[in-house]
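Single-structure report; data block below.
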Amino acid sequence: MLPFRLWLWLICCLVAAPFAGTAPAWAANRCQAVANAKPFVHLASSRARLASQEVRLTFIGHSTFLIETSGGVRIATDYNDFVRPSVLPDIVTMNRAHTTHYTDSPSPSIAHVLRGWNPAGGPAQHDITLKDVHVRNVATNIRDWGGNAVSYGNSIFIFEVAGLCIGHLGHLHHTLTPEQLASIGQLDVVLVPVDGGYTMDVGGMVDVLRALRARLIIPMHYFNTITLARFTERIKTEFPIEQADKPVIVVSQALLPSEPKVVILPGQ
Numbered sequence: 002m003l004p005f006r007l008w009l010w011l012i013c014c015l016v017a018a019p020f021a022g023t024a025p026a027w028a029a030n031r032c033q034a035v036a037n038a039k040p041f042v043h044l045a046s047s048r049a050r051l052a053s054q055e056v057r058l059t060f061i062g063h064s065t066f067l068i069e070t071s072g073g074v075r076i077a078t079d080y081n082d083f084v085r086p087s088v089l090p091d092i093v094t095m096n097r098a099h100t101t102h103y104t105d106s107p108s109p110s111i112a113h114v115l116r117g118w119n120p121a122g123g124p125a126q127h128d129i130t131l132k133d134v135h136v137r138n139v140a141t142n143i144r145d146w147g148g149n150a151v152s153y154g155n156s157i158f159i160f161e162v163a164g165l166c167i168g169h170l171g172h173l174h175h176t177l178t179p180e181q182l183a184s185i186g187q188l189d190v191v192l193v194p195v196d197g198g199y200t201m202d203v204g205g206m207v208d209v210l211r212a213l214r215a216r217l218i219i220p221m222h223y224f225n226t227i228t229l230a231r232f233t234e235r236i237k238t239e240f241p242i243e244q245a246d247k248p249v250i251v252v253s254q255a256l257l258p259s260e261p262k263v264v265i266l267p268g269q
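In this note's numbering, the protein residues as written are 2 to 269.
Dropping the structure here:
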């Protein structure tokens, strides 16, 4: 018999969702898009050795990605008790919207546990460097189950590595203010929740993507083919879409698309 919490997560993944602080001032200058980019990224074996200016992203599932740097740092996003990479990360990020986005019992062997909310109140503030990666956050708000606003319950985490700026939007519930956009800076890669209800409606998320102007857009938090199709149907007039056959992608400055593009990775 499966534990209740695992059943809860499985139900969340199978059911479509029809309903529905900032970083330091210098952060805006840290993330700059690469001009005159070469055509696109390439997919690679999850165990292939990375070149010095490459980053590997593996979509584990739900909102969890394993980000691996050439310096040997492993990062897991929205780290939780249900969907995890098979390797122990050096850094984990978490958000508090639901238990599929955080854990109360991370391994003590994890060097940096970054919660996207501040248990003491106010916005969470993270600004760390480990080997070749710099991690910071921009706090946003969430809704509770009753639809009430909860200030600073989510963080957008930005990973600066190999000359790239990779943003994970977490469980984003609203469009971004000019101040938040300035603090985020120019993303090269954005990991975006596209469920269309638990986070925000598809139209609102498209507005967020327009504002961020990242050149590589990777959907997450899509539960099933129905919610994913709802997003792709809406976005196809905005950006080209590519369906990858593996959950792993390697990116670098030189291989980013010259214009924004959506790449869908299958979850593991």
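Idealized CB from N, CA, C, for every residue including glycine.
Counting C-beta neighbours from all protein chains within 10 Å, is the total for residue i 16 or more, i.e. buried, or is it exposed?
{"i": "Arg50", "result": "exposed"}
{"i": "Ala52", "result": "exposed"}
{"i": "Val88", "result": "exposed"}
{"i": "Leu257", "result": "buried"}
{"i": "Ala121", "result": "exposed"}
{"i": "Pro86", "result": "buried"}
{"i": "Gly117", "result": "buried"}
{"i": "Ser253", "result": "buried"}
{"i": "Ser184", "result": "buried"}
{"i": "Thr200", "result": "buried"}
{"i": "Arg90", "result": "In the sequence under discussion, the amino acid at residue 90 is Pro, which differs from the Arg named in the question. Label assigned to Pro90: buried."}
{"i": "Pro261", "result": "buried"}
{"i": "Asn96", "result": "buried"}
{"i": "Glu239", "result": "exposed"}
{"i": "Thr278", "result": "With the chain covering 2 to 269 only, the question about residue 278 has no answer from this structure."}
{"i": "Ala28", "result": "Because the pLDDT at Ala28 is just 36, under 50, the model does not fix this residue reliably, and the point stays unresolved."}
{"i": "Pro109", "result": "exposed"}
Can the beta-carbon of residue i be found closer than 7 Å to that of residue j?
{"i": "His127", "j": "Leu115", "result": "yes"}
{"i": "Asn81", "j": "Thr104", "result": "yes"}
{"i": "Glu55", "j": "Val209", "result": "no"}
{"i": "Ile61", "j": "Val93", "result": "no"}
{"i": "Asn149", "j": "Gly171", "result": "no"}
{"i": "Thr228", "j": "Gly197", "result": "yes"}
{"i": "Val134", "j": "Phe160", "result": "yes"}
{"i": "Phe232", "j": "Val264", "result": "no"}
{"i": "Thr59", "j": "Pro220", "result": "no"}
{"i": "Leu188", "j": "Ala215", "result": "yes"}
{"i": "Lys132", "j": "Val74", "result": "yes"}
Looking at the strands, I want to know which residues DSSP matches up with residue i.
{"i": "Ala230", "result": "According to DSSP, Ala230 bridges with nothing at all."}
{"i": "Ile218", "result": "Val191 and Val263"}
{"i": "Leu115", "result": "Thr94"}
{"i": "Val56", "result": "Thr70 and Val252"}
{"i": "Ile236", "result": "Answer is none; Ile236 lacks a bridge partner."}
{"i": "Gly62", "result": "Thr65"}
{"i": "Ala77", "result": "Leu67 and Val93"}
Could you check how far apart the C-beta atoms of residue i and residue j are, in whole angstroms? I think they sit under 8 Å.
{"i": "Pro194", "j": "His222", "result": "4 Å"}
{"i": "Ile167", "j": "Val190", "result": "4 Å"}
{"i": "Phe66", "j": "Leu192", "result": "6 Å"}
{"i": "Ser64", "j": "His102", "result": "6 Å"}
Exercise for review: Counting only runs of 3+ residues fully inside the region 139 to 173, write out the beta strand (DSSP E) ranges in chain order.
Suggested key: 150 to 162 and 165 to 169
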